[in-house]
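Heads up: the sequence shown begins at -2 in our numbering, then just goes up one per residue. Beta carbons are placed, not taken as given, at the ideal position from N, Cα and C, and that holds for glycine.
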Amino acid sequence: MMMNRFLILTMAVVGLVLSASSCDKSGKNSGQSEQTKVARELPPSPFVAEKAYAHIAQQLAFGPRVPNTEAHRATANYIVGELEQLGLEVTRQEMSLTAYDGTKLECVNIIGSYHPERERRIMLFAHWDTRPFADNDPNPMMREVPILGADDGASGPGVMLELARLLATEGLENYGVDLMFFDAEDYGLPAWETQYQVNSEDTWALGTQYWTKNLHKEGYKAEFGILLDMVGAKNAIFKREYFSQESAGQFVTKIWEVAEELGHGAYFQNKMGGAITDDHFFVIRNLRIPCVDIINYDEEFGDYWHTHNDNLDIISKETLQAVGETVWQVLMDYDHNAQ
-2 MMMNRFLILT MAVVGLVLSA SSCDKSGKNS GQSEQTKVAR ELPPSPFVAE KAYAHIAQQL
58 AFGPRVPNTE AHRATANYIV GELEQLGLEV TRQEMSLTAY DGTKLECVNI IGSYHPERER
118 RIMLFAHWDT RPFADNDPNP MMREVPILGA DDGASGPGVM LELARLLATE GLENYGVDLM
178 FFDAEDYGLP AWETQYQVNS EDTWALGTQY WTKNLHKEGY KAEFGILLDM VGAKNAIFKR
238 EYFSQESAGQ FVTKIWEVAE ELGHGAYFQN KMGGAITDDH FFVIRNLRIP CVDIINYDEE
298 FGDYWHTHND NLDIISKETL QAVGETVWQV LMDYDHNAQ
């Protein structure tokens, strides 16, 4: 993913509007009645962070998941095997993509569908590939070496595989869910590259762009989508990302409110964040499906981002739990309230 730097002023305005709409001059939340909202009593979450963590560790054990490598192929087989073992309908969307420099990338999007026959659908998605460079590594000698991508590449799939387990064992009554593992998100133009005359924005999220133009099922539509990207680092902060707020404001509000209910407000901060060109951007732009990007971003990405410090040491089970049980509760709430 990359930061879109052309929307800073717009984001600042949105942030002011968000603040103004949530508080009146007395400092009270204007969206609430004078009576104190009664907190729901929620049962303990069945989401198990240790299981998500184990999925992350297994992905890293294969090595950097760069297209055209054995580690990449092994990881794809692992994800497919886990989904099939849970009884989900699995689609492998194999494709040959072209990177910014003309490199041919043999890639695969993996889609696990829970109750594929149901018309009402929610999509959960993440990228599972890793950056073939370490643009931001403090050691210049290591910048052209692929990274492990514990947070940026493995954390989203790790959480999604645990959510797949919950769908298979706990279940929903009304919604179908599609868990989409998109490839070649992180093969975007490296920071040092200047010779290629390309639109940098379109060099990212290649697998997602392909899927939006070649849907795995004709006429596919979801009511909304949640992107999980960089959701496992210690002390992560998730703010309301710009494109998410613009396309899916009501869903952003729902997710952040549920997180607060569950005691995860320190992670899910009710503030505007950056405008990030990520997988969701292309789903919104090409398919008009409202999407929310849950991504660790606080003024800038973590100092481990696109470096060799993005390894298992930075992963926090507490962060994984906060994200996983929040998303699961959101799914249950929408399912319970389905009309």
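Give me, in chain order, the residues of the same chain whose beta-carbon lies closer than 7 Å to that of Phe3; leave out the 5 immediate sequence neighbours on both sides.
The pLDDT assigned to Phe3 is 37, lower than 50, so where the model puts this residue is not dependable; a value taken from the coordinates is nonetheless given after this. Excluding sequence neighbours, Phe3 sits near nothing in its chain.
CA-CA distance, Thr88 and Thr95?
Straight-line Cα distance between these residues: approximately 22 Å.
What do you get for Ser110, buried or exposed, if any count of 16 or more other CB atoms within 10 angstroms of its CB means buried?
Classification of Ser110: buried, given that the 10 Å Cβ count is 16 or more.
How big is the Cα-Cα spacing for Glu322 and Ala256?
Computed Cα separation, rounded: 8 Å.
Look at the Cβ atom of Glu159, then the Cβ atom of Lys48, and state whether they are nearer than 7 Å.
Yes.
Buried or exposed: where does Gln192 fall if 16 or more other Cβ atoms within 10 Å of its Cβ makes it buried?
Gln192 should be labelled exposed.
Taking the CB atoms as reference points, tell me whether Ile144 and Arg162 lie closer together than 7 Å.
Result no, Cβ atoms of Ile144 and Arg162 do not sit closer than 7 Å.
Check Gly28 in the structure and name its three-state DSSP category.
Confidence is the limiting factor: at Gly28 the pLDDT is only 38, short of 50, which leaves the residue's position unreliable, though a coordinate-based value still follows. Coil at Gly28, not helix or strand.
Among all the DSSP beta bridges, which residues are the ones paired with Gln56?
For Gln56, which the question treats as bridged, DSSP gives no partner whatsoever.
Could you give the first and the last residue of the continuous beta strand (DSSP E) run that contains Leu121?
Looking at the DSSP string, the run of the beta strand (DSSP E) that includes Leu121 is 118 to 124.
For Phe381, I'd like the list of residues in its chain whose CB is within less than 8 Å of its CB, leaving aside the five on either flank, ordered along the chain.
Outside the displayed span of the chain (-2 to 336) sits residue 381, for which this structure offers no information.
Between Gly260, Ala319, Leu80, which lies nearest to Phe364 when the distance is taken from Cα to Cα?
No answer is possible for residue 364: it lies beyond the span of the chain, which begins at -2 and ends at 336.
Just curious, the alpha helix (DSSP H) that Lys314 is in, first and last residue?
Looking at the DSSP string, the run of the alpha helix (DSSP H) that includes Lys314 is 314 to 333.
By the 10 Å Cβ neighbour count, where 16 or more other Cβ atoms means buried, how is Lys236 classified, buried or exposed?
Label assigned to Lys236: buried.
Give the secondary structure of Trp225 by DSSP, where H, G and I count as helix, E and B as strand, and everything else as coil.
One detail in the question is off: residue 225 reads as Leu in this sequence, not Trp. Correct three-state label for Leu225: strand.
Less than 8 Å between the CB atoms is what I'm expecting for Ala123 and Leu224, so what's the real figure, rounded?
7 Å between Cβ atoms; contact.
What number of angstroms, rounded off, separates the C-alpha of Gly99 from the C-alpha of Glu190?
In a straight line, the C-alpha of Gly99 is about 14 Å away from that of Glu190.
Out of Leu57, Ala131, Pro43, which one is the CA nearest neighbour of Tyr301?
Nearest of Leu57, Ala131, Pro43 to Tyr301, Cα basis: Ala131.
For Asn65, tell me which candidate among Ser42, Met92, Leu83 has the shortest Cα-Cα distance.
The candidate whose alpha carbon is nearest that of Asn65 is Met92.
Would the beta-carbon of Asp183 fall within 7 Å of that of Asp226?
Not closer than 7 Å, so no.
Skipping 5 residues on each side, what residues in its chain have a beta carbon closer than 6 Å to that of Gln242?
The residues are Val249.
Would you list, in sequence order, the uninterrupted beta strand (DSSP E) runs of no fewer than 3 residues that lie entirely inside the stretch 261 to 309?
Counting only runs of 3 or more, we get 265 to 269, 288 to 292.
Please name the residue, chosen from Ile76, Ile108, Val77, that lies closest to Lys214 on a Cα-to-Cα basis.
Taking only the C-alpha atoms, the option nearest Lys214 is Ile108.
Near Ile252, which residues of its chain fall below 8 Å by C-beta distance, leaving aside the five closest residues on each side in sequence?
Cβ neighbours of Ile252 beyond the five flanking positions: Ile223, Phe265, Val289, Ile291, Thr323, Val324, Val327.
Please classify Arg89: does DSSP put it in a helix, a strand, or coil?
Arg89 falls in the strand class under three-state DSSP.
Can you give me the Cβ contacts of Asn308 inside the same chain, cut-off strictly under 6 Å, excluding the 5 residues immediately before and after it?
Counting only Cβ-Cβ distances below 6 Å, and skipping sequence neighbours, we find Leu145, Ala147.
Could you give the DSSP three-state label for Arg70: helix, strand or coil?
Arg70: helix per DSSP, three-state reduction.
Can you tell me whether Val105 is helix, strand or coil according to DSSP?
Strand.
Note down the Cα distance separating Tyr97 from Glu296, rounded to an integer number of angstroms.
One C-alpha to the other measures close to 27 Å.
Rounded to whole angstroms, how far is the Cβ of Ile286 from the Cβ of Phe240, which I believe are closer than 8 Å?
Wrong, their Cβ atoms sit about 12 Å apart, outside the cutoff.
On a Cα-Cα basis, can you pick out the residue from Glu254, Ala219, Val156, Gln56 that is closest to Glu114?
Out of Glu254, Ala219, Val156, Gln56, Ala219 has the C-alpha closest to the C-alpha of Glu114.
Given a threshold of 16 other Cβ atoms within 10 Å of its Cβ, counted over all protein chains shown, does Glu238 qualify as buried or as exposed?
By the neighbour-count rule (16 or more Cβ atoms within 10 Å), Glu238 is buried.
Quick check on this structure: which residue in His277, Pro40, Asp330, Val156 has the alpha carbon closest to the alpha carbon of Gly229?
Out of His277, Pro40, Asp330, Val156, Val156 has the C-alpha closest to the C-alpha of Gly229.
Expressed to the nearest angstrom, what Euclidean distance is found between the alpha-carbon atoms of Met139 and His305?
Computed Cα separation, rounded: 8 Å.
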